[in-house]
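Structure first, commentary second.
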Amino acid sequence: MRLLIGLAFITIIFCQQQHKFNPEFLNLISTGTGLGTARDAIQAVLQLLEDLKNANEELDRKADKAFQEYEGGVLNDCAAFTGIMKENNESLQKNSEDLEAVDDKIAQTTDYLNWNEKRRKSNDMKLEDLAEQRCEANSLFIDALRDYREALNVLEWVNGDLQLKEQNAFLQKEETQEYTSKLALYTNMVDHKEVFSQVEVSQEDQAAQVVSEIVGKVQGLISKIQEHIKTLEEQEITSANDFVDYRRNLLNEQVLLKQEYDSRLKFLNSLEDDKELAQDVVSQCDKILGNTQRILQQTQNAYNQQKAKYVMEKQKRHEENQIIIEITMLYHQKVAQAEEFLQKKGV
Numbered sequence: 001m002r003l004l005i006g007l008a009f010i011t012i013i014f015c016q017q018q019h020k021f022n023p024e025f026l027n028l029i030s031t032g033t034g035l036g037t038a039r040d041a042i043q044a045v046l047q048l049l050e051d052l053k054n055a056n057e058e059l060d061r062k063a064d065k066a067f068q069e070y071e072g073g074v075l076n077d078c079a080a081f082t083g084i085m086k087e088n089n090e091s092l093q094k095n096s097e098d099l100e101a102v103d104d105k106i107a108q109t110t111d112y113l114n115w116n117e118k119r120r121k122s123n124d125m126k127l128e129d130l131a132e133q134r135c136e137a138n139s140l141f142i143d144a145l146r147d148y149r150e151a152l153n154v155l156e157w158v159n160g161d162l163q164l165k166e167q168n169a170f171l172q173k174e175e176t177q178e179y180t181s182k183l184a185l186y187t188n189m190v191d192h193k194e195v196f197s198q199v200e201v202s203q204e205d206q207a208a209q210v211v212s213e214i215v216g217k218v219q220g221l222i223s224k225i226q227e228h229i230k231t232l233e234e235q236e237i238t239s240a241n242d243f244v245d246y247r248r249n250l251l252n253e254q255v256l257l258k259q260e261y262d263s264r265l266k267f268l269n270s271l272e273d274d275k276e277l278a279q280d281v282v283s284q285c286d287k288i289l290g291n292t293q294r295i296l297q298q299t300q301n302a303y304n305q306q307k308a309k310y311v312m313e314k315q316k317r318h319e320e321n322q323i324i325i326e327i328t329m330l331y332h333q334k335v336a337q338a339e340e341f342l343q344k345k346g347v
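Written out as structure tokens, the structure is:
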């Protein structure tokens, strides 16, 4: 306000045409007033302008100092927030990696549990199939053993009967056919074609020799069947033992699989708890990071606004001082010209 009053006063004084002086201005210079000389009045206005200029300069110094202190504090705050934000970002990254690791463990554990279930179901089916296969194999063994024993009984009867005939050295043609008929029932078990051949071609006058040969062949068949029975029984025992071992191994595996399944399932539940906790930590870290970023941005925005205001007010004071300087220079110029004019007039 004081600047406006001073400028208005000076403007009124300096309002003139080119090379002509305002009469009031000349009167102020040449005469005095009750309040003092005109020069004192004008000088008072000039002093007011000078005071305003000095006041602006003082405001500049104070504003510069205040802004420097403010700027230093803001820079420190920004540096602190930047450091906090960096730590929060590192913490967020680490906890996010921990969460990913938990997810990986959950996926791996889930895959194992699925495999474990499929494996146990497969083993259950194997046990069922194995029991059926074992029953079928045992049934085949019993049938084969019965057939062999029946054949053995027949051959032993034939052998006993032939030995009686051998003692009597007498064998009727019809009897050879009877033996042939009995032995033909077991052609699928042993190779006794030679026996049949011997019986078929025998003649009554060769009975003694034929009986002896037939007895030898029959005894050979008996030995072969006994070997077959022994081999069959050994195979059955081996098969039964293999079945027992395989079944026991499967059952043991089932027990171990179930124990491991329960253990992994418990571990999975703990992982789910870990995941929930990790998600909370990540969410909290993200929230803290967001708050820090927001505070930093608000601080920077406030700094930018304060700096813009500081620059604007500083520029305004600078412009005011430039006007004051120009007015003061103009005043001194006009006063000098007016004094020169009055001297020439002899006033």
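If you're matching positions, the sequence shown starts at 1 in the numbering used here and goes up one per residue.
Just so you know, even glycine gets a beta-carbon here, dropped at the ideal spot from N, CA and C.
Rounded separation between residue i and residue j - CA only
i, j, result
"S122", "D111", "16 Å"
"K217", "A137", "32 Å"
"A308", "N54", "23 Å"
"D40", "Q315", "32 Å"
"E340", "K334", "10 Å"
"H332", "E58", "25 Å"
"Q279", "L250", "41 Å"
"Q293", "S91", "15 Å"
"D77", "A66", "16 Å"
"E50", "K287", "56 Å"
"E260", "F267", "10 Å"
"N301", "G73", "14 Å"
"R146", "T238", "19 Å"
"W115", "E128", "20 Å"
"E100", "L140", "59 Å"
"L342", "M312", "45 Å"
"A79", "S283", "24 Å"
"K86", "K94", "12 Å"
"L113", "D98", "22 Å"
"E320", "N56", "8 Å"
"Y310", "A44", "31 Å"
"D274", "Q297", "34 Å"
"N88", "L289", "6 Å"
Nearest neighbour of residue i, chosen from the options [CA to CA]
i, options, result
"E117", "Q297, L277, Y331 and L256", "L256"
"L46", "I325, M125 and K345", "I325"
"L271", "E97, Y70, G72 and K105", "K105"
"D124", "K266, I288, Q254 and Q259", "Q254"
"D242", "D98, Q133 and H228", "Q133"
"S96", "Q322, E276 and Y303", "E276"
"L265", "N56, A63, A107 and E87", "A107"
"L48", "L342, Q343 and I327", "I327"
"S263", "T231, T109 and D273", "T109"
"R247", "Y310, I323, Q322 and K126", "K126"
"E236", "I225, Q68 and C135", "C135"
"A240", "N89, A63, L130 and L289", "L130"
"Q68", "A44, Q306 and D245", "Q306"
"Q226", "E71, E150 and Y70", "E150"
Buried versus exposed call for residue i [16 or more other C-beta atoms within 10 Å across all chains shown]
i, result
"C285", "buried"
"N269", "exposed"
"N153", "exposed"
"Q337", "exposed"
"T82", "exposed"
"L52", "buried"
"R61", "exposed"
"R317", "buried"
"V102", "buried"
"M329", "exposed"
"I42", "buried"
"N291", "exposed"
"N252", "exposed"
"N304", "exposed"
"I142", "exposed"
"R2", "Any reading at R2 needs caution, since the residue's pLDDT is 49, under 50, leaving its predicted position unreliable; the model's value is listed next. It counts as exposed."
"V244", "exposed"
Cβ neighbours of residue i in the same chain (closer than 6 Å, five flanking residues each side left out)
i, result
"L35", "Caution is warranted here: a pLDDT of 39 is assigned to L35, below 50, making its placement in the model unreliable, and no coordinate value can be reported."
"V281", "N95"
"E71", "none"
Contacts around residue i, its chain only, beta-carbon distance under 7 Å, and the 5 residues preceding and following it disregarded
i, result
"L228", "Here the sequence assigns His to residue 228, which means Leu is not the residue at that position. Hits under 7 Å: Y148."
"K345", "none"
Sequence-distant residues of the same chain with beta carbon closer than 8 Å to residue i, five excluded per side
i, result
"I222", "L152, L155, E156 and N159"
"I295", "F81"
"E234", "none"
"K258", "R120"
"T299", "V74, D77, C78 and F81"
- For the stretch 225 to 257, list the alpha helix (DSSP H) runs that are entirely contained and at least 4 residues long, ordered along the chain. none
- Query: Taking the runs of the alpha helix (DSSP H) that are 4 residues or longer, which of them lie wholly in the stretch 87 to 136?
  - Reply: none
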